[in-house]
Amino acid sequence: MTNHHERIDLVAPLSGDFQAVVRLIIGGIAERVDFAFEEIDDLQLAVERLLAEAGQIGSVRLSFEVGEASIRTRVGPLSEAAVADALRNGDAPPGQLTLRRILQTVVDSFGVEHLGDGAIVVRLEKLKGLS
Amino acid sequence: MTAPQRRTAAASERAREEDRALLRRYHEDGDTTAREELIERHLPLVRSLARRYAGRGEALEDIEQVGAIGLIKAIDRFELEREVSLATYATPNVVGEIKRHFRDKGWAIRVPRALQELNASMSGAIERLTGRLGRSPSIAEIAAELKTTPEDVLEAMEVGSAYSTVSLSTGPGGDEELDPLETIGGEDAEFERSEHRAALEPALDRLPPREREILRMRFEEGLPQTQIAQQVGLSQMHVSRLIRKSLSIMREELLR
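Line by line, the protein sequences are chains A and B.
Heads up, the final residue of the first sequence is numbered 912 in our numbering, and it's a clean run with no missing numbers.
Heads up, the final residue of the second sequence is numbered 280 in our numbering, and it's a clean run with no missing numbers.
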């Protein structure tokens, strides 16, 4: 059993070459919380889509706070200009897919922290057994 | 020419005329059902071409899906003044799309055989466990079913899934505030859609009908992968791959 609020930090290049590595690490962390295959896939997809918005240059910090039945992930700093519009208030009309709609589907909650200087951190929370 | 050869030639000519009629309906009248019909009519061609590239570390279904993108592009770009048949015109488009896919995803051939085999057997294991447990299995359960380690299962999950990540909707920056914490089911204020969001529609349109339907079921109806897999008759792993790959294809289309 995992102790509550264990934390894992990772700094990864934004380059697409490393995104499979990020997925693998997310899978490993989620496996420790005994997430189901589909829940792991959801969390991986959420992070993957988010990183896709951030571009390919530089690096990003991923922080995983691991609870007994949840994983809270913080991803950032990300460029507000690149990510903000995709997460803005309001639902996309039917037939359109936005990052916001995808996150609403695959994680249990998400939010944004403003760091200043046009940078943000996005929080994603995935709970076990609710999907 | 023998009688069977004459019959084959006549059937080919008929098919070619039917294609041209459908192409006219699509390009001149904007009839999208004609486009769908053209896609369906030529999917056997895509499957046949895709089989040539099987056994190179990619699931045949995935190669077929990439090939279908080439077919759709050929249908969309076909000029009615052309004297060639759609099949002739589409073939290099389909093959080109598949080759480009293999070139871009050159990593696939570097995947160790043992992992490829584990990946291939995972799909069946997940289906069996889902049926037995009535829920999506955990990695530990999949590992036990396949008599391997959770770490190997996780690695095998990545086989065939390392597609480039892509943006779905980006737009010009603005001064609207983002929610401090969004929760599913929360009340959201309306906002005007950006030009970039509008531009996503043609990208979605580039996908084969099955993939569009899978995205609709997942992100509009909110159905879980297990349920989608049952409805479309694919494995859950395959549905997962199609979702990720479709999103990547949409981005590539947006960036062109």
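The beta carbon of each residue, even a glycine, is placed where N, CA and C say it ideally should be.
Every value quoted in this text rests on a predicted model; they were computed, and no experiment measured them.
Under 8 Å by beta carbon: chain A residues contacting PHE243 of chain B: Residues of chain A whose Cβ lies closer than 8 Å to the Cβ of PHE243 of chain B are, in chain order, LEU878, ARG882, ILE883 and THR886.
Per DSSP, the bridge partner or partners of ASP790 of chain A: According to DSSP, ASP790 of chain A bridges with A:SER844.
7 Å CB neighbourhood of ILE93 of chain B in its chain, flanking five on each side removed: Same-chain partners within the cutoff: GLU121, ARG230 and ILE273.
C-beta neighbour in chain B for GLU819 of chain A, strict 8 Å: At least one chain B Cβ lies under 8 Å of GLU819 of chain A.
Proximity winner among A:PHE818, A:LEU832, A:GLU787 and A:VAL814, relative to VAL802 of chain A (alpha-carbon distances): The shortest C-alpha separation from VAL802 of chain A is found at A:LEU832.
Coarse secondary structure for ASP43 of chain B, derived from DSSP in three states: ASP43 of chain B sits in a helix when the DSSP states are folded into three classes.
Cβ contact check for the segment 70-84 of chain B and the segment 51-58 of chain B: 3 or more pairs under 8 Å: Two segments are said to touch when three or more pairs of C-beta atoms, one from each, lie closer than 8 Å; by this definition the segment 70-84 of chain B does not touch the segment 51-58 of chain B.
Distance between GLY897 of chain A and ASP86 of chain B (C-alpha atoms, nearest Å): If I take the Cα positions, the gap works out to 43 Å.
GLU787 of chain A versus GLU846 of chain A: straight-line alpha-carbon distance, rounded: Distance between the alpha carbons of GLU787 of chain A and GLU846 of chain A: 6 Å.
Where ILE267 of chain B falls: helix, strand or coil (DSSP): Of the three classes helix, strand and coil, the one that applies to ILE267 of chain B here is helix, per DSSP.
Beta-carbon proximity of LEU795 of chain A to GLY848 of chain A, cut-off 8 Å: It is not a contact, given that the beta carbons lie outside the stated cut-off.
Own chain, CB closer than 8 Å to ARG146 of chain B, minus 5 neighbours either side, in chain order: The sequence given here has Met at residue 146 of chain B, not Arg. Same-chain partners within the cutoff: ILE166, LEU170, VAL177, ALA180, MET181 and MET261.
CB contact check: LEU805 of chain A to chain B, cutoff 8 Å: Closer than 8 Å to some Cβ of chain B, the Cβ of LEU805 of chain A qualifies, so yes.
Short CB-CB distance (under 8 Å) between SER796 of chain A and chain B: Taking Cβ atoms only, chain B never reaches closer than 8 Å to SER796 of chain A, which makes this a no.
The segment 813-833 of chain A contacting the segment 243-262 of chain B, beta-carbon criterion three pairs below 8 Å: Because the criterion of three Cβ pairs below 8 Å is met, the segment 813-833 of chain A and the segment 243-262 of chain B touch.
As assigned by DSSP and simplified to three states, the class of LEU157 of chain B: Correct three-state label for LEU157 of chain B: helix.
Cutoff 8 Å: GLN249 of chain B Cβ touching any chain A Cβ: For GLN249 of chain B, the answer is yes, since a Cβ of chain A falls inside 8 Å of its Cβ.
Partners in chain A for SER145 of chain B, counting only beta-carbon separations shorter than 9 Å: In chain order: nothing, as chain A lies at least about 14 Å away.
Residues that THR854 of chain A bridges to, as DSSP identifies them: Answer by DSSP bridge pairing, in chain order: A:PHE845 and A:LEU905.
Environment of THR104 of chain B [buried if 16+ CB atoms lie within 10 Å]: Looking at the sequence itself, residue 104 of chain B is Leu, so the reference to Thr does not match. Classified as exposed, LEU104 of chain B has fewer than 16 neighbouring CB atoms from the shown chains inside 10 Å of its CB.
Close Cβ partners of GLU834 of chain A (< 8 Å) along its chain, the five nearest in sequence each way excluded: For GLU834 of chain A, where only same-chain residues beyond five positions count, the Cβ hits under 8 Å are LEU859, ALA863, VAL864, ALA867 and LEU880.
Residues near ARG49 of chain B by beta carbon distance below 7 Å, same chain, minus five either side: Cβ within range, chain order: ASP55 and ALA58.
Under the three-state DSSP convention, the category GLY79 of chain B falls into: Residue state, collapsed to three classes: coil.
Distance between SER72 of chain B and THR115 of chain B (C-alpha atoms, nearest Å): Their Cα atoms are separated by approximately 10 Å.
Residues of the segment 145-166 of chain B with Cβ closer than 8 Å to any Cβ of chain A, in chain order: For the segment 145-166 of chain B, which is checked against every Cβ of chain A, the residues closer than 8 Å are ILE150, ARG159, SER160, PRO161, SER162, ILE163, ALA164 and ILE166.
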